[in-house]
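**Q**
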Amino acid sequence: IVACCFFIGTLFAQNTANPFELRTSGSDSAVNKSKTIVTTEQQIDHTNPFEIIHVPANYALRDTLLVKKPIPITSKKVKNQNFLFVSISLLLLFLTILVVMNRGLLANIYRAIFSDTYLKVVYRFQNSGHTLSYGLFYLFFFLNAGLFLTLLLKQFKFNYFASDITLFFVCVGGIALTYFIKHSVLRIIGLIFPVQKEISYYSFTIIAFNIFLGIALLPINSLISFSSDQVANLCLYLGVIFFLLLYCIRQLRGMFLAANYLTFQKFHFFIYLCTIEIAPILILTKIIYSNSGNSL
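Under the numbering used here, residues 13 to 308 are what the sequence shown spells out, in order.
Next up, the structure:
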């Protein structure tokens with residue numbers, strides 16, 4: 013009886029877990045798993061097309077692939093965002109003040125652009141004592157046109173100036189100087205030749221068209237400053253096309269105004285057209301292309 017009890021106790025001791033038994037390490041378990049995979053691979057019948065191969069899932073690799081890394085947000089305009097935001101905000105504030113000062117001027121300018129008769133009425137009304145309002149709106153055109161020219165030069169990679177603020181003030185000063193010289197030459201022509209009335213009217217036509225252009229450039233500059241690169245490039249081209257369209261309409265108005273003198277003074281009119289109208293545009297285009305690394 014004692015021998016039988018001893019034999020049964022020995023069998024139960026072998027089946028229970030031994031607390032003093034050493035467990036296998038991770039490398040040993042990996043080796044055992046690889047051996048199990050090799051054994052399973054050997055047991056697979058490759059000649060059977062319906063044999064199902066059970067591949068152990070690699071959960072660590074799956075979790076690594078499912079983790080999406082954050083994509084850094086980069087933009088070419090981040091460097092100039094503060095300058096552009098401040099410029100657009102100040103221009104909006106300036107336009108608001110101008111509209112409050114003279115509400116009817118914008119409506120008159122808009123109607124004068126599409127009607128030569130109404131432009132003459134606005135010209136007489138301007139001579140009666142609204143020179144300050146037109147001068148402030150003309151200053152608004154210089155600022156907006158300077159900002160548009162700055163964005164256009166940055167598009168052509170014009171890096172002659174280290175700061176965008178410096179480039180902006182240079183563009184505003186260049187546009188203001190160009191039109192100051194133009195109005196001065198027109199005034200001198202009016203004093204020398206007996207066309208003072210026509211020259212004065214044409215000079216006011218230039219002012220009216222530029223005021224309308226300056227207001228139209230404000231939303232274009234805003235879209236260029238705070239939109240994607242594709243929309244910004246499209247707005248740049250639209251702004252250039254809009255400027256050329258207004259310029260052609262203005263030149264046609266000037267030719268209609270000088271129709272009485274074209275019959276007898278064709279050579280003088282051609283000299284004026286080349287010197288005052290065409291030459292400044294060609295010189296400005298040449299400067300832009302030369303400083304952007306291109307040849308023209």
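Cβ coordinates follow ideal geometry from the N, Cα and C atoms, glycine included. None of the values given here were measured: they were computed from a predicted structure.
1. Flag this pair as yes or no: are the beta carbons of T217 and L269 separated by less than 9 Å?
2. Could you pull out every residue in the same chain whose Cβ sits closer than 7 Å to the Cβ of L230, ignoring the five residues on either side in sequence?
3. Leaving out five residues before and five after I193 in sequence, what residues of the same chain have Cβ atoms less than 7 Å from its Cβ?
4. Whole alpha helix (DSSP H) runs in the segment 121–165 with 4 or more residues, listed along the chain?
5. Under 8 Å Cβ to Cβ from V50, same chain only, skipping five residues before and after it: list those, please.
6. As a quick exercise: from M113, I223, A124, V98, pick the residue whose alpha carbon is nearest that of R309.
7. Using three-state DSSP, classify L103 as helix, strand or coil.
8. Please report the straight-line C-alpha distance between R199 and Y259, rounded to a whole angstrom.
9. Exposed or buried, which one is S178 when buried takes at least 16 other CB atoms within 10 Å?
10. So F152 packs on G251, CB below 8 Å; how close in whole Å?
11. Any contact between the segment 236–246 and the segment 203–215? By contact I mean 3 or more CB pairs, one from each, below 8 Å.
12. Can F168 and I232 be called in contact, C-beta distance under 9 Å?
13. Beta-carbon of Y214 versus every beta-carbon of chain D: anything under 9 Å?
14. Could you have a look at N233 and say whether DSSP puts it in helix, strand or coil?
15. Quick one: is S99 buried, meaning 16 or more other Cβ sit within 10 Å of its Cβ, or exposed?
16. Report the residue from L296, Y135, A119 whose alpha carbon sits nearest the alpha carbon of E210.
17. Return the residue from the list L164, L144, L110, S215 that minimises the CA-CA distance to L246.
18. Helix or strand or just coil, what does DSSP make of L296?
19. Give me the Cβ distance between Q138 and Y130, rounded to the nearest whole Å; I'm assuming they're in contact under 8 Å.
20. Hey, could you find the ends of the alpha helix (DSSP H) L179 is sitting in?
21. Would G158 and I187 qualify as a contact pair, given that the criterion is a beta-carbon distance under 9 Å?
22. Please state whether the Cβ-Cβ distance between I261 and Y150 is less than 9 Å.
23. Tell me which residues share the same chain as L110 and place their Cβ nearer than 7 Å to its Cβ, disregarding the 5 neighbours each side in the sequence.
24. Quick check: what's the CA-CA separation for S212 versus A244?
25. If you compare alpha carbons, which of I283, V182, G185 is closest to Y201?
**A** According to the structure shown:
1. The count along the sequence shown starts at 1 and reaches residue 217 at position 205. The count along the sequence shown starts at 1 and reaches residue 269 at position 257. Yes, the pair counts as a contact, with Cβ atoms nearer than the cut-off.
2. As a working mapping, residue 230 is identified with position 218 in the sequence shown. Only L103, L107, N156 meet the Cβ criterion.
3. One-based indexing of the sequence shown puts residue 193 at position 181. Cβ neighbours of I193 beyond the five flanking positions: none.
4. 128–139
5. On the sequence shown, residue 50 is found 38 positions in, with the first residue counted as 1. Annotation note: pLDDT 46 at V50 (below 50); position unreliable, coordinate value reported separately. Nothing meets the Cβ criterion.
6. Residue 309 cannot be examined here, being either before or after the span of the chain that is shown, 13 to 308.
7. Walking along the sequence shown from the start, residue 103 turns up at place 91. It is helical.
8. If you number the sequence shown from 1, residue 199 lands on position 187. If you number the sequence shown from 1, residue 259 lands on position 247. Answer to the nearest angstrom: the Cα atoms are 20 Å apart.
9. On the sequence shown, position 166 is the one that residue 178 refers to. The question names Ser, but residue 178 is Thr in the sequence shown. With fewer than 16 other Cβ atoms within 10 Å, it is exposed.
10. For the purposes of this step, residue 152 is taken as residue 140 along the sequence shown, with counting starting at 1. For the purposes of this step, residue 251 is taken as residue 239 along the sequence shown, with counting starting at 1. Wrong, their Cβ atoms sit about 16 Å apart, outside the cutoff.
11. no
12. Taking the sequence shown and counting its residues from 1, one reaches residue 168 at position 156. Taking the sequence shown and counting its residues from 1, one reaches residue 232 at position 220. Remark: C-beta atoms of F168 and I232 do not approach each other more closely than 9 Å.
13. In the structure shown, chain D cannot be found, because there is only a single protein chain.
14. In the sequence shown, residue 233 corresponds to position 221, counting from 1. The DSSP-derived three-state label of N233 is helix.
15. Here residue 99 corresponds to residue number 87 of the sequence shown, with the count starting at 1. With 16 or more Cβ atoms within 10 Å of its Cβ, S99 is classed as buried.
16. Here residue 210 is taken as the residue at index 198 of the sequence shown, counted from 1. Among L296, Y135, A119, the Cα nearest to that of E210 is on Y135.
17. Numbered from its first residue, the sequence shown carries residue 246 at position 234. That would be L164, whose Cα lies nearest to the Cα of L246.
18. Residue mapping note: residue 296 aligns to position 284 of the sequence shown, counting from 1. Of the three classes helix, strand and coil, the one that applies to L296 here is helix, per DSSP.
19. Position 126 of the sequence shown, counted from the first residue, corresponds to residue 138. Position 118 of the sequence shown, counted from the first residue, corresponds to residue 130. So it is not a contact: roughly 12 Å between Cβ atoms.
20. Mapped onto the sequence shown, residue 179 falls at position 167. Unbroken alpha helix (DSSP H) run through L179: 176–204.
21. As a first step, residue 158 must be located in the sequence shown, where it is residue number 146. As a first step, residue 187 must be located in the sequence shown, where it is residue number 175. Less than 9 Å separates the beta-carbon of G158 from that of I187.
22. Start at 1 with the first residue of the sequence shown, and residue 261 comes out as number 249. Start at 1 with the first residue of the sequence shown, and residue 150 comes out as number 138. Cβ distance not < 9 Å, so I261 and Y150 don't count as in contact.
23. To locate residue 110, count along the sequence shown from 1; it is residue 98. Scanning its chain for C-beta atoms nearer than 7 Å, with the 5 sequence neighbours on each side dropped, one finds around L110 the residues L148, F149, F152, in chain order.
24. Here the question's residue 212 lines up with position 200 in the sequence shown. Here the question's residue 244 lines up with position 232 in the sequence shown. So the two alpha carbons sit approximately 38 Å from each other.
25. Sequence index remark: in the sequence shown, residue 201 carries index 189 (1-based). The sequence shown places Ile at residue 201, not Tyr. Measuring from the Cα of I201, the nearest candidate turns out to be I283.
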